[in-house]
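The structure appears below as structure tokens.
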Amino acid sequence: MNNSYDLIIIGGGPAGLSAAIYGGRAKLKTLIINKGPIGGMVDTTREIVNYPGYINISGPDLMRDFKKHAESFGVEFLKDEVVNTDFPQPIKKVTTKKKKDFSAKAVIIAAGNTPRLLNIPGEKELRGNGVAYCATCDAEFFEGEDVVVIGSGDQAIEEGMFITKFARKVTVIVLHNEGILDCNKLSAEKAFKNEKMEFVWNSTIEAVLGEDNVEGVKIKNLKTGSSSILKCQGVFFFVGMIPATQFLKESGVEMDPRGYIPVNELMETNLSGVYAVGDNRVKYLRQVVSAAGDGASAAVAAERYIEELDAFQNNIANNDKKVLLVFFSAWCTESLEFSSCMEELQQEFSEEFNLVKVDMATKKNLAEMYKVKTVPAVVILDKGEKIKELECSMDKAKLKAQLL
88 MNNSYDLIII GGGPAGLSAA IYGGRAKLKT LIINKGPIGG MVDTTREIVN YPGYINISGP
148 DLMRDFKKHA ESFGVEFLKD EVVNTDFPQP IKKVTTKKKK DFSAKAVIIA AGNTPRLLNI
208 PGEKELRGNG VAYCATCDAE FFEGEDVVVI GSGDQAIEEG MFITKFARKV TVIVLHNEGI
268 LDCNKLSAEK AFKNEKMEFV WNSTIEAVLG EDNVEGVKIK NLKTGSSSIL KCQGVFFFVG
328 MIPATQFLKE SGVEMDPRGY IPVNELMETN LSGVYAVGDN RVKYLRQVVS AAGDGASAAV
388 AAERYIEELD AFQNNIANND KKVLLVFFSA WCTESLEFSS CMEELQQEFS EEFNLVKVDM
448 ATKKNLAEMY KVKTVPAVVI LDKGEKIKEL ECSMDKAKLK AQLL
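Add 87 to the 1-based position in the sequence shown for the numbering used here, that's all there is to it.
Structure representation (structure tokens):
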């Protein structure tokens with residue numbers, strides 16, 4: 088395996104795989120580094136019925152199709168865990184748990200998140216067979232059945248109410264005294280009025296029961312210490328999610344207090360050439376379809392970033408002559424006319440200057456690098472270093488005087 092790539096994607100869930108498909112199709116040398124099974128949390132989902140084009144498919148089967156699609160474009164896969172990064176430089180570097188070093192021109196972080204586990208008996212064993220962590224994903228599979236919800240925060244109560252659209256009954260296990268929930272007051276009021284919701288107060292769950300599928304839960308009353316069995320066919324845990332971004336603590340990537348990564352519409356983080364997609368970013372909807380969209384956006388943005396990076400190295404940083412970097416916009420007639428004027432002027436100074444035109448609409452990274460905010464603009468460079476910025480006008484004599 089050659090350890091130098093155009094694009095490295097950290098994580099092999101739907102966001103990472105979608106990014107890989109777009110990266111591979113763009114002829115970028117692309118590597119996915121994934122520490123667990125391909126598909127991430129989707130690999131634990133029994134059925135998916137809301138991904139366009141698939142009326143009904145299992146999570147593992149859908150992710151297998153994603154992977155095959157990526158492989159068809161030459162994407163490479165490595166099962167390993169990224170433990171260290173060096174992102175501030177133009178060439179990004181990552182180090183894995185198996186002490187392998189890789190470099191890339193751009194990196195997409197698609198590490199996802201994981202449910203906060205209680206690690207009680209039966210929880211891991213029955214995951215995907217009655218134990219669930221996403222109501223939007225799995226609630227409809229419990230049509231007419233009895234479901235238990237663990238937790239009393241906003242997510243637990245709001246998703247519990249969503250589950251009542253399908254389940255016969257939803258029983259919420261709450262740590263606190265009767266009437267006390269951790270969610271907002273409006274959600275609490277709605278939950279108490281919901282005829283399908285019941286509450287077990289001052290209690291916690293000790294075990295999930297069942298052989299092949301969930302058959303019930305063992306509940307402990309915190310005040311009396313007594314235990315009881317509640318029959319059910321599904322258990323939803325809503326005790327929090329943890330973004331898998333701990334490895335980024337010293338990376339320079341900006342994160343919110345919970346560890347989620349804020350991005351813009353291009354999925355760009357605060358570091359050039361570093362993108363974040365899927366469940367580890369700040370976002371509204373965490374679903375396969377939205378994750379796939381994230382991956383597509385990031386990969387296209389990364390492709391354009393890499394094009395700019397390559398153009399900078401080939402046409403600017405390694406240029407034997409000084410460079411007239413002309414910024415224009417295809418939507419601005421004045422800037423188009425000005426760029427033509429600069430092309431004519433460059434012919435008179437061809438022994439000293441080369442000219443490189445930059446469309447601000449498609450090559451914004453160069454504009455940010457040289458702090459150009461409006462068009463037309465001209466920056467004079469020597470080996471990539473800014474010497475001066477011209478005062479732009481259609482007066483050739485004034486422009487020529489600034490080049491002398």
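Using N, Cα and C, we set each Cβ at its ideal position, and we do this for glycine too.
For this session: Could you spell out the range, first to last residue, of the beta strand (DSSP E) harbouring A379?
Result: Careful: A379 lies outside any beta strand (DSSP E), inside the alpha helix (DSSP H) at 375-398.
Problem set entry | CA nearest to the CA of L204, picked from L273, V326, V257 | V326
Exercise. T449 lies in the beta strand (DSSP E); which residues open and close that run?
Worked result: Element bounds for T449: n/a, residue is neither H nor E.
For this session: Have a look at N405 and D397 and give me their C-alpha separation to the nearest angstrom.
Result: 11 Å
Exercise. Can M342 and S384 be called in contact, C-beta distance under 7 Å?
Worked result: In this structure, M342 sits away from S384, with a CB-CB distance that is not shorter than 7 Å.
Exercise. Do A193 and I403 have their C-beta atoms within less than 7 Å of each other?
Worked result: no
For this session: Compare the C-alpha of L412 against each of E158, V465, T449 and name the closest.
Result: V465
Exercise. Bridge partners of V466, per DSSP?
Worked result: L412, E476
Exercise. Does the region 139-146 come within contact of the region 102-120, defined as at least 3 CB pairs closer than 8 Å?
Worked result: no
Problem set entry | Proximity winner among N281, M284, N308, N300, relative to S290 (alpha-carbon distances) | N308
Exercise. Whose C-beta lies closer than 8 Å to the C-beta of F249 among residues of the same chain, with five residues either side of it excluded?
Worked result: A222, T223, A226
Problem set entry | Closest by C-alpha distance to K116, when choosing among F160, R133, V136 | F160
For this session: Would you identify the three-state DSSP class for G126, choosing helix, strand or coil?
Result: coil
Exercise. Counting along the chain, where does the alpha helix (DSSP H) carrying G111 start and finish?
Worked result: Run containing G111: 101-112, per the alpha helix (DSSP H) assignment.
For this session: Identify whether A219 lies in helix, strand or coil by the three-state DSSP scheme.
Result: strand
Exercise. What's the gap between the Cα of S315 and the Cα of I267?
Worked result: If I take the Cα positions, the gap works out to 22 Å.
Exercise. Just checking my contact of G339 with F164 at CB under 8 Å: how many whole Å lie between their CB atoms?
Worked result: Not confirmed; about 27 Å, so no contact.
Exercise. Using the beta-carbon count (16 or more within 10 Å), is T172 buried or exposed?
Worked result: Per the 10 Å Cβ criterion, buried.
Exercise. Contact check, Y138 vs V376 under 8 Å by CB: the rounded distance?
Worked result: 6 Å
Exercise. Looking only at its own chain, which residues have a Cβ that is under 7 Å from the Cβ of E134, when we skip the five neighbours before and after it?
Worked result: N143, S145, F228
Problem set entry | V218 versus L432, E302, D93, residue with shortest Cα-Cα distance | E302
Exercise. Can you list, in chain order, the residues of its chain whose CB lies under 7 Å from that of T449, leaving out five sequence neighbours each side?
Worked result: R391
For this session: Using only the heavy atoms of the ligand NAP, determine whether one of them is closer than 6 Å to the beta carbon of D446.
Result: Of ligands this structure carries none, so the ligand NAP is not represented either.
For this session: State the Cα-Cα distance for the pair L94 and A388, rounded to the nearest angstrom.
Result: 11 Å
Exercise. From C479, N401, E472, R255, pick the residue whose C-alpha is nearest to that of C428; which is it?
Worked result: When each option's Cα is compared against that of C428, the closest is C479.
For this session: With a cut-off of 8 Å on the beta carbons, I'd call I329 and T182 a contact; round off their distance for me.
Result: Not confirmed; about 22 Å, so no contact.
For this session: Might you give, ordered along the chain, the residues of its own chain that have their beta carbon closer than 7 Å to the beta carbon of D241, omitting 5 neighbours on each side?
Result: If we look at D241 and ignore the five residues flanking it on each side, its Cβ neighbours are C270, N271, S274.
Exercise. Helix, strand or coil for D299 per DSSP?
Worked result: coil
For this session: Measure the beta-carbon distance from K283 to K256 and round it to whole angstroms, keeping in mind my assumption that it falls under 8 Å.
Result: 6 Å
Problem set entry | Length of the line joining the Cα atoms of P177 and G360 | 8 Å
Exercise. Looking at the unbroken beta strand (DSSP E) that takes in E285, where does it start and where does it end?
Worked result: 284-287
For this session: Leaving aside the five residues before and after A198 along the sequence, list all residues of the same chain whose C-beta is less than 7 Å from its C-beta, in chain order.
Result: I97, G98, A331, T332, N367
Exercise. So what does DSSP say about F229, is it helix, strand or coil?
Worked result: helix
For this session: Please determine, among Y220, N357, Y362, V369, the residue with the shortest C-alpha to C-alpha distance to R345.
Result: V369
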